[in-house]
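Numbering (our numbering), first residue to last: 280 to 504.
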Amino acid sequence: MDGNGRWAAQRGLPRIEGHRKGSDSVSEVTRAARRLGLPALTLYAFSAQNWERPPDEVEGLMDLLREYLFKERAEIMDNDIRLHAIGDLDRLPARVREPLDELRRDSAGNLKMILTLALSYGGREEIIAMVRKVAEDKLRPEQIDAKAVEDRLWTAGLPPLELVVRTSGEVRVSNFLLWQLAYAEIHLSETLWPDFGELDLLLALEDFQRRERRFGKTSAQLRRS
């Protein structure tokens with residue numbers, strides 16, 4: 280979800296207007312993902328490092344997030360979407376946390392798609408939280424394996440990550456889902472997030488379908504399996 284600021288700057292608008300248009304893209308892409316039958320969609324909405332932005336921008340982002348939760352409530356419920364959130368959610372202000380928690384509870388039984396918002400999220404921070412949980416649970420060294428780690432990540436219970444779409448021409452991972460990225464495919468889009476829509480999502484999915492996912496094996500091994 281990168282490029283909101285550049286989108287606004289190109290039009291001589293305040294940065295918050297780029298974020299506002301980006302919120303519209305969240306709604307459009309979520310609807311498209313639901314129509315296309317995707318089982319899960321995770322959106323990197325606000326990073327742990329975004330707290331370091333100017334206070335007025337952070338406040339504006341929190342206001343937009345609160346507005347989104349109220350505006351999209353009916354859409355989420357009517358389309359059988361389960362809302363989930365990952366990150367250091369305790370840092371979110373009460374005016375955001377309360378409607379977020381309420382919609383998460385109310386949509387918990389929805390089955391068609393899991394929509395995960397990464398809020399106050401960082402991949403390193405997630406791994407640190409996991410290590411602390413391992414220590415709290417007093418696991419012996421021989422008990423620590425991939426499953427033990429994954430069960431203690433914020434993404435526990437979510438489907439494996441298969442495709443990452445990076446918008447606005449950026450080529451870095453930006454501290455996003457660092458453990459989960461291990462065998463994910465990455466699609467790079469030049470489109471700024473506020474302009475990203477269903478067609479861009481379809482192009483990413485078509486690119487993904489052309490990939491040969493080997494998971495460390497050779498092509499010959501895959502053909503024999």
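We put the beta carbon where it would ideally sit given N, CA and C, even for glycine.
Note that the structure is predicted; figures quoted are calculated from it, not measured.
- The beta-bridge partner set that DSSP reports for E464 consists of L442.
- For R370, there is no enclosing alpha helix (DSSP H), since its DSSP letter is neither H nor E.
- With at least 16 other beta carbons inside 10 angstroms of its own, P473 counts as buried.
- Here the alpha carbon of I406 sits roughly 30 Å from the alpha carbon of G316.
- E491 sits exposed, since fewer than 16 C-beta atoms from the chains shown fall within 10 Å of its C-beta.
- Residue pairing from DSSP places H363 in a beta bridge opposite T395.
- Non-local C-beta neighbours of L432 in its own chain, meaning closer than 7 Å and more than five positions away in sequence, comprise E405, M409 and W458, ordered along the chain.
- The C-beta separation of G402 from L322 comes to about 15 Å, leaving the pair out of contact by the 8 Å criterion.
- Of the residues assessed, Y462 falls on the exposed side of the cut-off, its CB having fewer than 16 other CB atoms within 10 angstroms.
- Counting along the chain, no alpha helix (DSSP H) covers L322; the unbroken beta strand (DSSP E) around it starts and ends at A319 to S326.
- The Cβ-Cβ distance between E469 and V443 does not fall below 9 Å.
- Following the DSSP letters along the chain, one finds F349 inside the alpha helix (DSSP H) bounded by residues P334 to K350.
- Annotation for G282: T446, S447, L471 and W472 place their beta carbon closer than 6 Å to its own, counting only its chain and skipping 5 residues before and after.
- Along the length of the region 410-459, whole alpha helix (DSSP H) runs at least 4 residues long occupy 425-429, reported in chain order.
- If you compare the alpha carbons of R451, E307, V337 and F487 with that of S399, the shortest gap goes to V337.
- Of the candidates A324, E354, E331 and N358, A324 places its Cα closest to the Cα of L344.
- By the beta-carbon neighbour count (other beta carbons within 10 angstroms, threshold 16), W286 is buried.
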